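Residue 11 is where the sequence shown starts when you use the numbering used here, and the numbers rise one by one after that. Take a look at the structure below.
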Amino acid sequence: MIRLRRSATAAALALGAVTVAVLGVASPASAHVTVNPQEATQGSYGRFAFRVPNESDTASTVKVEVVLPENAPVGSVSTMPVPGWTVAVEKRKLAQPVDVHGSQLTEAVAKLTWTAAADAGVKPGQFQEFPVSLGPLPKVERMVFKTLQTYSDGNVQRWIEEPVAGAEEPESPAPVLTLTAAGPSGAPTPGTAGGAEAADDDDDDAGDTGLATGLGTAGLAAGLGGLLLGGLAFARTRRESTPKP
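Take a look at the structure:
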């Protein structure tokens, strides 16, 4: 079954390659700055990484600026050290204090700026992740992190366009973190797409297992049948070749 799946996959890839060769076009690359994971639960804490690919053929990425949304302040923001990079944290005063575990916070992080040391930039063909810890996540549907990516040749890529539901992806989309409401007990709301995919995978595995078991049983029965017929044929041959008195 695994061999059949691999053959089907190889055929699909070959067909895709032929299609590209015939039409002379390929699907557009989606190499832009993203936040990973891209979904979380409101009110929770989490570790997130801003993944920054280098899209230049000649220059390195030497600075990354991530702006936290003003309409969704986060009480606690901490960064993880990235070898060869330093990070600067800018804060802003809040129009309304944010309650975090009983404490009223009057300011929040506004922007994070990572700067590369000499020869530590993200080189062509590479990417770098910049991890942060955020929480408690605000009670909003999403957080849009507008990002500036500066190259060693002075060019700046502005990942600041907000995606619009039902519309095509912008040319320079900003990283987006989707937030879902917590369940009645504070747990994440069930029924996510990831869970559905996992269930589909489990069903496929169960079907493959059942088919493999059936094929194995049939093969065993055929083998036993062949062994029995072989034994009968051997006994018959012995009987026919034995001299009669």
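Just so it is clear, CB atoms sit at the ideal spot from N, CA and C, and this is done for glycine as well. Values in this document were obtained by computation on a predicted structure and should not be read as measured data.
Best match in the options for proximity to residue i [C-alpha to C-alpha]
| i | options | result |
| --- | --- | --- |
| Glu117 | Thr123, Ala105, Pro185, Ala127 | Ala105 |
| Gly94 | Phe140, Pro185, Val45 | Phe140 |
| Val97 | Glu80, Val142, Pro107 | Val142 |
| Glu80 | Ser88, Asn64, Pro107 | Pro107 |
| Pro47 | Leu78, Asp129, Ala128, Leu144 | Leu144 |
Alpha carbon of residue i to alpha carbon of residue j, nearest angstrom
| i | j | result |
| --- | --- | --- |
| Thr125 | His111 | 33 Å |
| Pro194 | Gly53 | 13 Å |
| Glu181 | Lys103 | 32 Å |
| Thr202 | Leu187 | For Thr202, the pLDDT reaches just 40, beneath the cut-off of 50, and the residue's location in the model is therefore unreliable, although a value from the coordinates is still provided. Thr202 and Leu187: Cα-Cα distance of roughly 15 Å. |
| Asp163 | Ser113 | 45 Å |
| Pro183 | His42 | 7 Å |
| Pro38 | Ser66 | Low confidence applies here, because Pro38 scores a pLDDT of 38, under 50, leaving its location unreliable; read the following figure in that light. Taking the straight line from one Cα to the other gives about 16 Å. |
| Val119 | Glu49 | 21 Å |
| Arg168 | Pro146 | 28 Å |
| Ala69 | Tyr55 | 36 Å |
| Asp109 | Met90 | 25 Å |
| Glu100 | Val87 | 11 Å |
| Ala177 | Ala128 | 41 Å |
For residue j and residue i, believed in contact at Cβ under 8 Å, the rounded distance
| i | j | result |
| --- | --- | --- |
| Val76 | Leu122 | 5 Å |
| Tyr161 | Val72 | 7 Å |
| Ala82 | Pro148 | 4 Å |
| Val74 | Pro185 | In fact, because the Cβ distance is near 11 Å, the residues do not count as touching under 8 Å. |
| Val150 | Leu115 | At roughly 17 Å, the Cβ-Cβ gap does not stay under 8 Å, so Val150 and Leu115 are not in contact. |
Status (buried if at least 16 other CB within 10 Å, exposed otherwise) for residue i
| i | result |
| --- | --- |
| Gly131 | buried |
| Gln159 | buried |
| Asn165 | exposed |
Minimum Cβ-Cβ distance from residue i to chain B less than 9 Å
| i | result |
| --- | --- |
| Gly85 | Absent from the structure is chain B; it holds one protein chain and no more. |
Just checking, does the stretch 125-140 make contact with the stretch 167-175 on the three C-beta pairs under 8 Å criterion?
no
Does the structure place the stretch 147-165 close enough to the stretch 53-69 that three or more beta carbon pairs sit under 8 Å?
yes
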